[in-house]
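Q:
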Amino acid sequence: MIKRVIALLTDFGVEEHYNGVMKGVILKINRNALILDLVASAKSFSIIDAAFQLWASYKYFPYKTIFLVVVDPGVGTTRQPLVIKTKNYFFVGPDNGVLYPAAYEDGIESVVKITSEKVILKNRNGTFDGRDVFAPAAAYLSKGMPIEALGQYTEIKEKYVFPEPIINKYSIKATVLHVDKFGDVVLNLRKEHINDTSKKFIIKDKNVQIKATFAECVGLCMVFGSSGFYELVLNQGSASDLLKIKTGDEIEIEIV
Amino acid sequence: MIKRVIALLTDFGVEEHYNGVMKGVILKINRNALILDLVASAKSFSIIDAAFQLWASYKYFPYKTIFLVVVDPGVGTTRQPLVIKTKNYFFVGPDNGVLYPAAYEDGIESVVKITSEKVILKNRNGTFDGRDVFAPAAAYLSKGMPIEALGQYTEIKEKYVFPEPIINKYSIKATVLHVDKFGDVVLNLRKEHINDTSKKFIIKDKNVQIKATFAECVGLCMVFGSSGFYELVLNQGSASDLLKIKTGDEIEIEIV
Amino acid sequence: MIKRVIALLTDFGVEEHYNGVMKGVILKINRNALILDLVASAKSFSIIDAAFQLWASYKYFPYKTIFLVVVDPGVGTTRQPLVIKTKNYFFVGPDNGVLYPAAYEDGIESVVKITSEKVILKNRNGTFDGRDVFAPAAAYLSKGMPIEALGQYTEIKEKYVFPEPIINKYSIKATVLHVDKFGDVVLNLRKEHINDTSKKFIIKDKNVQIKATFAECVGLCMVFGSSGFYELVLNQGSASDLLKIKTGDEIEIEIV
Chain B
341 MIKRVIALLT DFGVEEHYNG VMKGVILKIN RNALILDLVA SAKSFSIIDA AFQLWASYKY
401 FPYKTIFLVV VDPGVGTTRQ PLVIKTKNYF FVGPDNGVLY PAAYEDGIES VVKITSEKVI
461 LKNRNGTFDG RDVFAPAAAY LSKGMPIEAL GQYTEIKEKY VFPEPIINKY SIKATVLHVD
521 KFGDVVLNLR KEHINDTSKK FIIKDKNVQI KATFAECVGL CMVFGSSGFY ELVLNQGSAS
581 DLLKIKTGDE IEIEIV
Chain X
341 MIKRVIALLT DFGVEEHYNG VMKGVILKIN RNALILDLVA SAKSFSIIDA AFQLWASYKY
401 FPYKTIFLVV VDPGVGTTRQ PLVIKTKNYF FVGPDNGVLY PAAYEDGIES VVKITSEKVI
461 LKNRNGTFDG RDVFAPAAAY LSKGMPIEAL GQYTEIKEKY VFPEPIINKY SIKATVLHVD
521 KFGDVVLNLR KEHINDTSKK FIIKDKNVQI KATFAECVGL CMVFGSSGFY ELVLNQGSAS
581 DLLKIKTGDE IEIEIV
Chain P
341 MIKRVIALLT DFGVEEHYNG VMKGVILKIN RNALILDLVA SAKSFSIIDA AFQLWASYKY
401 FPYKTIFLVV VDPGVGTTRQ PLVIKTKNYF FVGPDNGVLY PAAYEDGIES VVKITSEKVI
461 LKNRNGTFDG RDVFAPAAAY LSKGMPIEAL GQYTEIKEKY VFPEPIINKY SIKATVLHVD
521 KFGDVVLNLR KEHINDTSKK FIIKDKNVQI KATFAECVGL CMVFGSSGFY ELVLNQGSAS
581 DLLKIKTGDE IEIEIV
């Protein structure tokens with residue numbers, strides 16, 4: 341029997357037992373689950389960061405991978421705990437937008453609110469749904485339980501979409517989707533948003549040229565990144581530190 | 341044959357090869373071990389932090405999980421390297437208190453000091469017992485080797501127990517068991533220590549109310565946490581930073 | 341069929357999806373690969389640090405383990421993407437020196453530049469060869485594909501070797517190979533480099549004595565470390581912070 345992959349994306353960090361406990365809960369239900377960390381230490385409470393990282397990653401995983409996403413500032417409120425079945429995957433996590441860009445792109449087939457008493461751990465205390473609700477739901481899915489056995493069909497409430505840039509002849513207003521560990525700054529600019537890659541750009545009084553790779557870059561550059569968006573990079577330095585910009589910021593780019 | 345789970349709790353961090361090497365040692369002995377990180381980057385050298393995280397986690401793991409705990413400031417001294425068999429689990433690590441609260445709660449059945457030359461790696465150098473002593477012991481356990489084959493029966497020397505709070509009519513003296521990545525502060529206060537949850541409390545001149553969830557909390561609150569202890573939390577902020585308190589601190593709580 | 345181990349050593353960190361995506365790519369090709377993190381968050385762009393950590397670790401892993409090493413400041417340049425077959429292992433990564441000390445020690449048998457179009461992912465964009473080139477190469481190796489099917493035989497260009505210390509009667513000039521999470525400083529001094537371990541040493545005006553274990557050390561000491569090199573340690577403190585030295589630094593040691 342082929343092992344089902346469960347990929348965890350959380351903001352719990354490697355200093356804590358929270359991710360480990362979720363894995364324990366899964367293995368108690370299905371010793372044959374193949375669990376791995378997609379992101380162990382995402383930016384705390386950041387919907388945009390988690391949504392971006394999930395979206396940039398999911399398509400590289402095997403068919404029927406279960407993405408268990410716990411970035412959940414609204415734990416304990418009435419936000420719905422969801423399982424989404426898409427064309428090729430399953431997404432488990434809170435209805436706060438983190439799952440939406442990836443699930444939407446892959447094609448949403450059905451959505452269930454996790455309510456089954458057979459799934460949710462006894463003694464659920466309302467502060468750690470990753471352990472008490474989401475991990476067991478992912479574990480039962482990995483055993484082949486049909487999505488509708490986890491609860492009731494529902495609708496997604498938080499349909500988060502990445503903002504679109506505003507593009508004029510002389511300027512672009514872009515949004516920062518992600519700043520990575522190296523200080524590379526992912527903008528919401530796709531291939532089609534920049535017609536002329538030989539142009540120069542100015543961001544916060546600094547010149548920026550488009551280059552094909554990090555290695556070709558001298559000073560500050562824009563590179564078409566691995567996720568399918570342009571990134572601001574400083575070769576072996578931090579573009580984020582230099583420009584003092586962070587995830588979620590809007591920035592003005594002059595075209596010259 | 342069912343795969344045995346080995347869960348690692350260490351303070352080695354993800355920047356280092358130390359955890360990875362321990363996994364290599366295990367797989368060289370038992371390719372069928374199912375290894376996962378419970379905590380990869382616990383607070384350096386902190387017995388209280390590791391003891392708390394292990395205790396808060398172990399019960400969520402499958403029957404016969406082997407907990408491999410290497411938080412070991414006394415490596416190279418005469419502290420005993422232990423294997424503890426409890427009612428449902430195995431605990432492998434130094435005799436410095438980290439294993440005790442979890443092992444005691446689950447019911448200690450037998451205790452062995454790891455001395456077998458068949459188990460301990462040749463060229464043990466005295467600074468990395470995680471690799472040379474504890475990892476191979478866990479690996480042989482996971483293959484079904486009986487605990488007594490690992491060494492000699494012994495007694496636990498360091499019987500660390502979480503301190504009990506001192507509770508009067510007008511005040512509580514509590515101890516910080518853990519501060520998590522988000523700045524939530526776990527106190528040694530269980531359900532039974534607080535009779536009247538509608539009371540107000542004052543900690544370092546700041547008002548604190550008890551709430552059911554993080555989301556209901558405005559400002560500083562106490563929430564009954566996922567581990568079974570009350571936690572000081574600041575909704576989407578760090579209670580630890582605000583109050584300037586850290587693991588092991590004693591704090592005075594006024595009841596008003 | 342025995343599962344092949346793939347051990348990842350990268351500087352991508354646990355905040356990012358980069359390591360997770362590489363695992364997804366591997367599992368899509370070979371669901372039976374046994375993937376683990378050797379180092380998830382090595383020092384950014386540091387060849388010396390990654391080369392040291394790989395060298396210190398590889399020999400503890402099972403026969404035929406595949407080491408997938410992505411510390412790659414030259415991604416996008418013409419540096420070769422390599423697979424090296426040694427006496428007991430496989431090493432996959434960039435031709436920038438990181439693989440060399442371990443591969444050379446184990447005995448290099450053949451070297452291939454990864455060029456096969458069947459291996460490299462479509463849409464390779466030049467900024468993330470870990471995902472597009474190295475992960476699939478490791479995955480196909482783990483399925484038993486012979487090394488020559490991955491590309492063309494080549495020669496290694498970057499034959500990085502750890503520097504040798506310069507030793508006189510009254511002084512040693514040593515190089516820092518690694519500073520670990522605890523601030524322990526690994527020097528390029530082997531057993532044979534220090535004849536008289538009862539001598540005292542002076543580093544930056546501070547006395548240093550050789551001790552057998554961390555626990556015997558009062559103040560600053562040198563301890564013969566787990567990797568086979570001497571380390572500067574400060575018992576339960578950071579020798580690196582005290583001495584203000586970092587990976588790659590050269591230091592003068594007076595012998596008194």
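Residue numbers (this note's numbering), protein chains in the order written: chain B, 341 to 596; chain X, 341 to 596; chain P, 341 to 596.
Where a beta carbon is used, it is the ideal one built from N, C-alpha and C, also for glycine.
Which same chain residues, not among the five before or five after X:N428, have their C-beta less than 6 Å away from its C-beta?
A: Locating residue 428 of chain X in the second sequence gives position 88, counting from the first residue. Taken in chain order, the residues that qualify are Y403 and D446.
Q: What is the rounded straight-line gap between the Cα of B:G565 and the Cα of P:T467?
A: Here residue 565 of chain B corresponds to residue number 225 of the first sequence, with the count starting at 1. Here residue 467 of chain P corresponds to residue number 127 of the third sequence, with the count starting at 1. B:G565 and P:T467: Cα-Cα distance of roughly 6 Å.
Q: I'd like to know whether the C-beta of X:A479 is nearer than 7 Å to at least one C-beta of chain B.
A: What you label residue 479 of chain X is simply residue 139 of the second sequence in a count that begins at 1. Output row for X:A479: interface = no.
Q: Using CA coordinates, which residue listed in X:N372, X:E356 and X:L349 is at the minimum distance from P:G523?
A: Residue mapping note: residue 523 of chain P aligns to position 183 of the third sequence, counting from 1. Considering only alpha carbons, the answer is X:E356.
Q: Using a Cβ-Cβ cutoff of less than 7 Å, which residues in the same chain neighbour P:H533 once the five nearest sequence positions on both sides are dropped?
A: By 1-based counting over the third sequence, the position of residue 533 of chain P is 193. Taken in chain order, the residues that qualify are P505 and I507.
Q: If contacts are defined as beta-carbon pairs under 8 Å, then B:G433 and B:L408 qualify, I think. What distance do you get, rounded to the angstrom?
A: Position 93 of the first sequence, counted from the start, is the residue given in the question as residue 433 of chain B. Position 68 of the first sequence, counted from the start, is the residue given in the question as residue 408 of chain B. Indeed, because the Cβ distance is near 7 Å, the residues count as touching under 8 Å.
Q: Taking Cβ to Cβ, would you say P:V452 is nearer than 7 Å to P:Y480?
A: Counting from one through the third sequence, the residue named residue 452 of chain P turns up at place 112. Counting from one through the third sequence, the residue named residue 480 of chain P turns up at place 140. Their beta carbons are not under 7 Å apart, which means P:V452 does not touch P:Y480 by this criterion.
Q: Would you report the Cα separation of X:K513 and X:S580, rounded to the nearest angstrom?
A: Working through the second sequence from its first residue, we reach residue 513 of chain X at position 173. Working through the second sequence from its first residue, we reach residue 580 of chain X at position 240. Each residue's alpha carbon lies about 17 Å from the other.
Q: Please report the Cβ distance between B:P476 and B:L461, rounded to the nearest whole angstrom; I am assuming they are in contact, meaning their Cβ atoms lie under 8 Å.
A: One-based indexing of the first sequence puts residue 476 of chain B at position 136. One-based indexing of the first sequence puts residue 461 of chain B at position 121. 6 Å between Cβ atoms; contact.
Q: Does DSSP put B:K368 in a helix, a strand or coil?
A: For the purposes of this step, residue 368 of chain B is identified with residue 28 of the first sequence, where counting begins at 1. Helix at B:K368.
Q: Could you tell me whether any Cβ in chain B is nearer than 7 Å to the Cβ of P:E498?
A: Mapped onto the third sequence, residue 498 of chain P falls at position 158. It does not: the Cβ of P:E498 has no partner Cβ on chain B nearer than 7 Å.
Q: Can you name the residues of chain B whose CB is closer than 9 Å to the CB of P:P413?
A: Position 73 of the third sequence holds residue 413 of chain P. Per Cβ cutoff of 9 Å: F554, A555, N575 and Q576.
Q: Does X:F522 come within less than 7 Å of chain P when only Cβ atoms are used?
A: The residue given as residue 522 of chain X occupies position 182 in the second sequence. Output row for X:F522: interface = no.
Q: Along the beta strand (DSSP E) that carries B:L422, what are the first and last residues, could you check?
A: Taking the first sequence and counting its residues from 1, one reaches residue 422 of chain B at position 82. Note, B:L422: beta strand (DSSP E), P421 to T426.
Q: Taking all protein chains shown into account, decide if B:Q420 is buried (16 or more other Cβ within 10 angstroms of its Cβ) or exposed.
A: Taking the first residue of the first sequence as 1, we reach residue 420 of chain B at position 80. By the neighbour-count rule (16 or more Cβ atoms within 10 Å), B:Q420 is buried.
Q: Check whether the Cβ atoms of X:S397 and B:V361 sit closer than 7 Å, and answer yes or no.
A: Translated into the one-based positions of the second sequence, residue 397 of chain X becomes position 57. Translated into the one-based positions of the first sequence, residue 361 of chain B becomes position 21. Contact: yes.
Q: Taking P:D377 as the query, report the chain X residues whose CB atoms sit under 9 Å from its CB, ordered along the chain.
A: Here residue 377 of chain P refers to the residue found at position 37 when the third sequence is read from its first residue. By Cβ distance, chain X contributes V354, N359, G360, K363, D377 and A380.
Q: So is P:E571 buried or exposed if we call it buried at 16+ other beta carbons inside 10 Å?
A: Locating residue 571 of chain P in the third sequence gives position 231, where the first residue counts as 1. So P:E571 ends up on the buried side.
Q: Pick from P:S482, P:A478 and P:E498: whose alpha carbon is nearest that of P:G414?
A: On the third sequence, position 74 is the one that residue 414 of chain P refers to. Among P:S482, P:A478 and P:E498, the Cα nearest to that of P:G414 belongs to P:E498.
Q: What does X:Q393 pair with, by DSSP beta-bridge criteria?
A: For the purposes of this step, residue 393 of chain X is taken as residue 53 along the second sequence, with counting starting at 1. BP columns for X:Q393 are empty, so no partner.
Q: Along chain B, which residues have their Cβ under 7 Å away from the Cβ of X:V345?
A: As a working mapping, residue 345 of chain X is identified with position 5 in the second sequence. Simply L367.
Q: Using a beta-carbon distance below 7 Å, is B:F385 in contact with chain X?
A: Position 45 of the first sequence, counted from the start, is the residue given in the question as residue 385 of chain B. Yes, B:F385 counts as interfacial toward chain X.
Q: For P:E590, which option in P:V473, P:A552 and P:I543 has the closest C-alpha, if you only look at C-alpha atoms?
A: Here residue 590 of chain P refers to the residue found at position 250 of the third sequence. Comparing Cα-Cα distances from P:E590 to each of P:V473, P:A552 and P:I543, the minimum goes to P:I543.
Q: Counting only the same chain and skipping the five closest in sequence on each side, list residues whose C-beta sits under 8 Å from that of P:S511.
A: Residue mapping note: residue 511 of chain P aligns to position 171 of the third sequence, counting from 1. If we look at P:S511 and ignore the five residues flanking it on each side, its Cβ neighbours are E592, I593, E594 and I595.
Q: Take the Cβ of X:K368 as the centre, count every other Cβ of all protein chains shown within 10 Å, and call the residue buried at 16 or more, exposed below.
A: Here residue 368 of chain X is taken as the residue at index 28 of the second sequence, counted from 1. Counting Cβ neighbours within 10 Å, X:K368 comes out buried, since at least 16 surround it.
Q: Return the chain-ordered list of same chain residues with a C-beta closer than 6 Å to the C-beta of B:D377, the five sequence neighbours on each side being excluded.
A: Position 37 of the first sequence, counted from the first residue, corresponds to residue 377 of chain B. Cβ within range, chain order: L348.
Q: With a cut-off of 7 Å, does the C-beta of P:Y440 fall near any C-beta of chain X?
A: Walking along the third sequence from the start, residue 440 of chain P turns up at place 100. Closer than 7 Å: no.
Q: Pull up the CB-CB distance for X:G470 and X:V410, whole angstroms please, since I reckon it's below 8 Å.
A: What you label residue 470 of chain X is simply residue 130 of the second sequence in a count that begins at 1. What you label residue 410 of chain X is simply residue 70 of the second sequence in a count that begins at 1. That belief holds up - the Cβ atoms of X:G470 and X:V410 are roughly 4 Å apart, short of 8 Å.
Q: Cα separation between B:L529 and B:K551?
A: Stepping through the first sequence from its first residue, residue 529 of chain B is reached at position 189. Stepping through the first sequence from its first residue, residue 551 of chain B is reached at position 211. Rounded to the nearest angstrom, the two C-alpha atoms are 15 Å apart.
Q: Does any CB atom of chain X fall closer than 7 Å to the CB of P:V519?
A: Residue numbering aside, residue 519 of chain P sits at position 179 when the third sequence is read from its first letter. No, no contact with chain X.
Q: Among the candidates B:Y358, B:N547 and B:T553, whose CA atom is the shortest distance from the CA of P:N465?
A: Looking up residue 465 of chain P in the third sequence gives position 125. Among B:Y358, B:N547 and B:T553, the Cα nearest to that of P:N465 is on B:T553.
Q: Quick one: give me the first and last residue of the alpha helix (DSSP H) that X:P441 is part of.
A: Mapped onto the second sequence, residue 441 of chain X falls at position 101. It spans Y440 to D446 - the alpha helix (DSSP H) in which X:P441 sits, taken as one unbroken run.
Q: Are there 16 or more other CB atoms within 10 angstroms of the CB of X:A489, so buried, or fewer, so exposed?
A: Indexing the second sequence from 1 puts residue 489 of chain X at position 149. By the 10 Å Cβ count, X:A489 comes out exposed.
Q: Under 7 Å, Cβ to Cβ, is there at least one residue of chain P near B:L569?
A: Numbered from 1 along the first sequence, position 229 holds the residue referred to as residue 569 of chain B. The question names Leu, but residue 569 of chain B is Phe in the sequence shown. Chain P contact via Cβ: absent.
Q: Roughly how many angstroms lie between the CA atoms of B:Q549 and B:L527, to the nearest whole one?
A: For the purposes of this step, residue 549 of chain B is taken as the residue at position 209 of the first sequence. For the purposes of this step, residue 527 of chain B is taken as the residue at position 187 of the first sequence. If I take the Cα positions, the gap works out to 15 Å.
Q: Given that B:V563 touches chain P, what residues does it touch there, using C-beta distances under 7 Å?
A: The sequence position of residue 563 of chain B within the first sequence is 223, counting from 1. Residues of chain P passing the Cβ test: T467.
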